[in-house]
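A quick write-up on the structure given underneath.
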Amino acid sequence: MVNIKTLQDISTLSESVELECKLAAGRDGKGQLPKNFWPTYSSFANTRGGVILLGVKEKKGNFFLQGVVEPQRLVTSLFNHLNNPQKVSVNLLTDEDVQVITIEDRQLVLIQVPAASRQNKPIFLNGNPLQGNTFRRLHEGDRPCDDATVKRMLAEQVEDSRDRKILSGFDLHDIDIESLHRYRQMFSSLRPDHPWNALPDQEFLRVQGGFRQDRQSGEKGLTLAGLLMFGQWPSIQEAVPDYFVDYQEQGEDKGSHTRWLDRVIPDGTWSGNIFDFFLRISRKLTADLKVPFLLKGHVRQDDTLLHRALREALVNTLVHADYSDRASILIKKDPEGFLFRNPGLMRVPTEQALRGGESDCRNQTLHQLFLMINLGERAGSGLPKIRQGWESNGGTLCLFDTFTPYDQTRLEMLWSKSEEEKGKTPGKRWEKQPKRSSSFSQQHLP
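Residue numbers (full-length UniProt numbering): 1 to 446.
Here is the structure:
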């Protein structure tokens with residue numbers, strides 16, 4: 001909350017991604033909601049929330065208290081409009097979110113706009129979420145969202161699990177059988193007496209959520225989870241055109257002509273699906289970790305908290321991704337640490353996610369498929385365990401999401417934080433990324 005008590009507090013203000021000042025004098029000079037209030041309300045609600053100050057005048061980048069002569073009239077008008085669905089889709093404000101503040105006989109109105117939950121997004125104007133009526137806050141401005149972004153918000157609103165969708169026309173012929181059988185071998189070795197081991201492949205997929213029939217329509221086929229987890233690359237591309245997974249390993253010499261020491265992308269030599277990507281990448285992530293000499297029952301333990309933290313970070317990235325968005329899955333490894341990036345914003349605030357205890361997984365079937373082979377964590381405990389495993393080895397961890405250039409979530413795990421890194425904005429050290437080969441869609445981030 002912005003703390004405004006004196007004229008000095010007003011003079012030190014500067015507009016930002018979470019603060020907007022408006023004069024709000026109205027035609028009679030006594031106070032009226034300005035027309036540009038509503039795009040700001042929408043943009044704050046659809047981003048991270050923010051504060052709107054009414055009665056503050058800007059001149060050449062400096063702010064002065066003008067005041068609102070009749071603030072109660074303005075507040076009444078505000079709540080009348082907030083509860084009109086033709087003006088704005090949802091009222092997020094309570095009485096506690098609106099304050100009238102008196103400073104030296106002048107009054108201003110402070111409005112704290114909370115971030116909307118995914119169940120309420122998009123917050124839009126004029127009874128129509130499309131055609132530029134939905135806004136997000138970028139830097140100091142209210143930017144209209146394109147229709148594709150709004151449609152993703154609408155899908156997030158109604159679909160608790162995005163990967164249960166039945167893909168019409170997709171069946172067992174679209175599955176990479178070797179991938180599925182590798183998974184089944186892992187499953188049976190971990191659960192040798194499980195009754196599912198005796199099931200044929202399609203029935204095994206069905207009980208795991210990879211194949212489904214709609215009870216009402218009778219439509220049946222692979223689910224999005226089944227195809228992403230075990231599918232063949234051409235079939236995945238057909239169903240999910242923006243899907244792309246990318247692993248890059250870079251060496252010490254950043255100026256070298258060799259842009260990476262190792263790279264894994266879907267190139268036709270392997271299936272390209274999520275399960276095979278996990279198997280290939282998890283080994284590479286942990287290949288050169290220093291393992292302390294630990295014995296358990298006279299057997300050396302090579303699987304440490306650090307190994308588990310990196311595996312969990314990889315699973316977490318894959319199961320929380322929004323595969324309808326234009327960013328790719330990107331995993332980076334270099335001598336300084338790791339980057340895990342997935343398309344889609346956090347469904348749970350980052351602070352809460354790191355504390356644990358609250359879970360809202362975007363792809364619950366994928367998550368369950370990994371859990372059944374003892375990978376991943378339940379009930380919002382994944383990120384706390386990642387953090388514990390990483391920080392116990394002296395590393396630092398940063399989790400954040402961003403709207404630019406596409407919606408994405410980034411988990412940065414550095415071995416240690418140098419003085420240079422301490423003053424660096426999250427994400428800056430990874431900004432210079434190699435360009436993708438021209439044979440791949442430029443809609444994806446590199």
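Ideal placement from N, C-alpha and C gives every residue a C-beta, glycine not left out.
Quick caveat, the model's predicted, so the values are computed rather than measured.
Alpha-carbon spacing of residue i relative to residue j, whole angstroms
i      : j      : result
Gly268 : Gly395 : 36 Å
Glu238 : Ser168 : 12 Å
Ala45  : Arg137 : 9 Å
Lys332 : Ile274 : 16 Å
Thr404 : Ser328 : 13 Å
Leu306 : Thr286 : 9 Å
Pro241 : Phe64  : 51 Å
Thr258 : Lys284 : 18 Å
Thr12  : Ser235 : 56 Å
Gln107 : Ser43  : 25 Å
Gln408 : Tyr323 : 11 Å
Gln185 : Leu82  : 57 Å
Asp176 : Leu53  : 57 Å
Lys422 : Pro335 : Bear in mind that a pLDDT of 46 at Lys422, under 50, signals an unreliable position, so the model cannot answer this.
Val88  : Arg355 : 34 Å
Ala116 : Leu92  : 7 Å
Gly389 : Ser282 : 16 Å
Range covered by the beta strand (DSSP E) that runs through residue i
i           : result
Met413      : Gln408 to Leu414
Arg48       : Careful: Arg48 lies outside any beta strand (DSSP E) and carries neither H nor E.
residue 460 : Outside the shown range of the chain (1 to 446) lies residue 460, about which nothing can therefore be said.
Thr102      : Val98 to Ile103
Thr396      : Thr396 to Thr402
Pro144      : Gly141 to Pro144
Gly337      : Gly337 to Pro343
Any C-beta of chain D under 9 Å from that of residue i
i      : result
Leu110 : Looking at the structure shown, chain D is missing, and only one protein chain is on hand.
CB contact flag (residue i, residue j, <9 Å)
i      : j      : result
Leu411 : Leu399 : yes
Glu252 : Arg263 : no
Leu318 : Phe370 : yes
Ile101 : Ile4   : yes
Glu20  : Val68  : no
Ile103 : Ile10  : yes
Gln222 : Asp146 : The amino acid occupying residue 222 in the given sequence is Leu; Gln does not appear at that position. Cβ distance not < 9 Å, so Leu222 and Asp146 don't count as in contact.
Gln157 : Asn126 : no
Asp142 : Asn62  : no
Val98  : Leu78  : yes
Leu330 : Asp401 : no
Pro39  : Phe135 : yes
Proximity winner among the options, relative to residue i (alpha-carbon distances)
i      : options                           : result
Leu339 : Gly132, Gly26, Ala313 and Thr258  : Ala313
Trp233 : Leu222, Trp270 and Asp201         : Trp270
Arg308 : Leu345, Arg387, Asp360 and Gly231 : Arg387
Val56  : Gln8, Ile177 and Arg48            : Gln8
Thr304 : Gln66, Phe230 and Asn393          : Asn393
Ile166 : Leu205, Leu383 and Phe211         : Phe211
Arg191 : Asn342, Arg347, Asn128 and Asn374 : Asn374
Asn133 : Gln66, Val150, Asn120 and Leu354  : Val150
Thr47  : Asn120, Lys220, Gln352 and Asp276 : Asn120
Phe278 : Tyr183, Val207 and Glu391         : Tyr183
Lys385 : Ala353, Gln368 and Ser416         : Ala353
Phe230 : Phe204, Tyr247, Trp196 and Asp214 : Phe204
Asp246 : Gly226, Ala225 and Gly272         : Gly272
Leu180 : Ser217, Arg118, Gln208 and Pro195 : Gln208
Ser381 : Leu397, Met372 and Glu358         : Glu358
Residue span of the alpha helix (DSSP H) that contains residue i, given as start and end
i      : result
Leu318 : Leu305 to Val319
Tyr183 : Ile177 to Leu190
Ile281 : Ile274 to Thr286
Asp201 : Asp201 to Gln208
Phe230 : Leu224 to Phe230
Arg73  : Pro71 to Leu82
Phe370 : Gln364 to Leu371
Asp9   : Leu7 to Ser11
Val158 : Asp147 to Val158
Taking contact to mean at least 3 C-beta pairs separated by less than 8 Å, is the region 63-83 in contact with the region 18-38? yes
Are three or more beta carbon pairs between the region 349-366 and the region 155-169 nearer than 8 Å? yes
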